[in-house]
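Written below as structure tokens is the structure these notes are about.
Residue numbers (my numbering): 982 to 1183.
Next comes the structure, spelled out in structure tokens:
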């Protein structure tokens, strides 16, 4: 499947790299490229739900309204795309993964996020707990636009941004690591931007 990159504007002229950037990255400035594999799903809020399934004592399912009723946090973080752009001080609002995972019992070590459009990405459970990851539904004070993953997306800012899956609908917990969409096509299984883990073997 082709890697669709609508809205990618390239590196701004004259903008230097800084010590705050991971290796090989550049500051995109005020831009926010739209990078997606396939068309943009648009799910009506009355049809949206979020599920935690797999190796759990009892599956969890939340409607949009139930998700909205959960305590939200304000998050300001830098994000780093595998295509080498970074964006500083992005402002989001969302529900910590801790809040959702606290509602299930599991002995799993891994999570496979699944999304509208068939996209998946894998994450170690230890990388989405202890205040490291959120399901976000607002960006810069506004409802998250569909092109950026709305109505809700995963946010895992310490890993490359493909791990922050757009249009997220849930997570399957497992004791076995299962590569997701891009990981199955040659991207790194983990994706640490500070170690430049872009592709398998990096």
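Virtual Cβ for every residue (Gly too), placed ideally from N, Cα, C.
6 Å Cβ shell around residue i - same chain, five flanking residues per side excluded
| i | result |
| --- | --- |
| residue 1035 | 1153, 1154 and 1155 |
| residue 1024 | 1097 |
| residue 1068 | 1009 and 1060 |
Paired residues, beta bridge with residue i - DSSP
| i | result |
| --- | --- |
| residue 1034 | 1153 |
| residue 1168 | 1180 |
| residue 1095 | 1101 and 1151 |
| residue 1074 | 1055 and 1119 |
| residue 1042 | 1032 |
| residue 1066 | 1007 |
| residue 1061 | 1067 |
Status (buried if at least 16 other CB within 10 Å, exposed otherwise) for residue i
| i | result |
| --- | --- |
| residue 1143 | buried |
| residue 996 | Interpretation of residue 996 is limited by its pLDDT of 41, a score under 50 that renders its predicted location unreliable; the figure taken from the coordinates is listed afterwards. Flag for residue 996 reads exposed. |
| residue 1134 | buried |
| residue 1170 | exposed |
| residue 1180 | exposed |
| residue 1075 | buried |
| residue 1117 | buried |
| residue 1124 | exposed |
| residue 1145 | buried |
| residue 1108 | buried |
| residue 994 | Annotation note: pLDDT 41 at residue 994 (below 50); position unreliable, no value reported. |
Nearest to residue i (by Cα), restricted to the options the options
| i | options | result |
| --- | --- | --- |
| residue 1105 | 1166, 1122, 1080 and 1140 | 1140 |
| residue 1136 | 1055, 1032 and 1005 | 1055 |
| residue 1093 | 1048, 1053, 1151 and 1118 | 1151 |
| residue 1073 | 1089, 1090 and 1115 | 1115 |
| residue 1090 | 1043, 1012, 1159 and 1176 | 1159 |
| residue 1037 | 1070, 1057, 1113 and 1088 | 1088 |
For residue j and residue i, believed in contact at Cβ under 8 Å, the rounded distance
| i | j | result |
| --- | --- | --- |
| residue 1078 | residue 1110 | 6 Å |
| residue 1084 | residue 1031 | The pair is not a contact, with the Cβ atoms about 11 Å apart (cut-off 8 Å). |
| residue 1003 | residue 1174 | 4 Å |
Residues near residue i by beta carbon distance below 7 Å, same chain, minus five either side
| i | result |
| --- | --- |
| residue 1162 | 1018, 1100, 1101 and 1102 |
| residue 1022 | 1097, 1098 and 1148 |
| residue 1178 | 1169, 1171 and 1172 |
8 Å Cβ shell around residue i - same chain, five flanking residues per side excluded
| i | result |
| --- | --- |
| residue 998 | The predicted position of residue 998 is uncertain, since its pLDDT is 47 and thus under 50; no value can be drawn from it. |
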